[in-house]
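Participant: Residue numbers are given in UniProt numbering: position 125 of the sequence shown equals residue 125, and the series is strictly consecutive.
Beta carbons: idealized from backbone N, C-alpha and C, even for Gly.
Keep in mind it's a predicted model, so treat the numbers as computed, not measured.
A single structure is presented below for examination.
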Amino acid sequence: MSATAGQAQSERGLAERLGLKPGQVVQEIGWDEDVDDELRDSIEDLTGNELLDEETDDVVDVVLLWWRDGDGDLFDVLSDAMRALAEGGRIWLLTPKAGREGHVEPSDIGEDAATAGLSQTSSISAAPDWSGTRLVSPKGRR
């Protein structure tokens with residue numbers, strides 16, 4: 001395997017860690033200069049679709065939500081993000097890792113997610129500076 005092929009496979013692995021599949025539609029909310037471009041590129045490469053911005057009216061399979069402490073009211077943003085989700089869709093909440101500027105305490109995420117009617121199902125290291133928390137509607141509400 002060439003270095004380029006290995007790099008492409010590694011980049012694709014970033015999106016695969018989020019459980020994304022080819023053909024899925026992903027909306028991105030909270031983009032700023034500090035987001036991880038490798039992760040964004042890997043999502044577009046794997047899904048074959050460009051990321052939709054937060055102004056879209058399309059129904060999406062996944063919402064990619066970049067969130068930092070001080071960005072506002074997480075409950076409000078999660079509630080808004082749920083409106084665009086297809087049945088069975090999920091939100092990946094991406095927050096700066098502990099020790100980095102903008103870090104969000106896991107307890108704050110859990111509280112706001114629960115208030116919005118979402119369940120936290122897993123957490124991963126989504127990128128070098130970002131943690132990912134998978135949020136879904138409980139099965140009874142889908």
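Is L94 helix, strand or coil by DSSP?
Facilitator: Walking along the sequence shown from the start, residue 94 turns up at place 94. Note: L94 maps to strand in three-state DSSP.
Participant: Which of the three DSSP states, helix, strand or coil, is assigned to A86?
Facilitator: Against the sequence shown, residue 86 aligns to sequence position 86. In the structure shown, A86 sits in a strand (DSSP, three-state: E or B).
Participant: List, from N- to C-terminal side, the alpha helix (DSSP H) runs of 4 residues or more that fit wholly inside the segment 12-79.
Facilitator: Listed in chain order, they are 37-47.
Participant: Where does A114 sit, in a helix, a strand or coil, going by DSSP?
Facilitator: As a position in the sequence shown, residue 114 is number 114, starting the count at 1. The answer is helix: DSSP assigns A114 an H, G or I state.
Participant: Round the Cβ separation of V63 and A81 to the nearest angstrom and send it over; I've been treating them as touching at under 8 Å.
Facilitator: Numbered from 1 along the sequence shown, position 63 holds the residue referred to as residue 63. Numbered from 1 along the sequence shown, position 81 holds the residue referred to as residue 81. Indeed they touch by this definition, with Cβ atoms about 4 Å apart.
Participant: Tell me which same chain residues have a C-beta within less than 6 Å of the C-beta of T95, skipping the five on either side of it?
Facilitator: To locate residue 95, count along the sequence shown from 1; it is residue 95. Counting only Cβ-Cβ distances below 6 Å, and skipping sequence neighbours, we find W67, V104 and S131.
Participant: Measure the C-alpha to C-alpha separation of D57 and Q27 and round it to an integer number of angstroms.
Facilitator: Position 57 of the sequence shown, counted from the first residue, corresponds to residue 57. Position 27 of the sequence shown, counted from the first residue, corresponds to residue 27. Taking the straight line joining both Cα atoms gives about 10 Å.
Participant: Distance, Cα to Cα, D45 vs G13?
Facilitator: Taking the first residue of the sequence shown as position 1, residue 45 is located at position 45. Taking the first residue of the sequence shown as position 1, residue 13 is located at position 13. C-alpha separation (whole angstroms): 10 Å.
Participant: Alpha carbon to alpha carbon, how far is D37 from T115?
Facilitator: If you number the sequence shown from 1, residue 37 lands on position 37. If you number the sequence shown from 1, residue 115 lands on position 115. Distance between the alpha carbons of D37 and T115 is about 31 Å.
Participant: What residue does the beta strand (DSSP E) around G132 start on, and which one ends it?
Facilitator: One-based indexing of the sequence shown puts residue 132 at position 132. Its beta strand (DSSP E) spans residues W130 to V136.
Participant: Quick check: the Cα distance between G110 and W92, rounded to an integer number of angstroms?
Facilitator: Walking along the sequence shown from the start, residue 110 turns up at place 110. Walking along the sequence shown from the start, residue 92 turns up at place 92. Straight-line Cα distance between these residues: approximately 13 Å.
Participant: Only counting the same chain, and skipping five residues up and downstream in sequence, which positions put a Cβ closer than 8 Å to that of G99?
Facilitator: Within the sequence shown, residue 99 is the residue found at index 99, counting from 1. There are no such residues.
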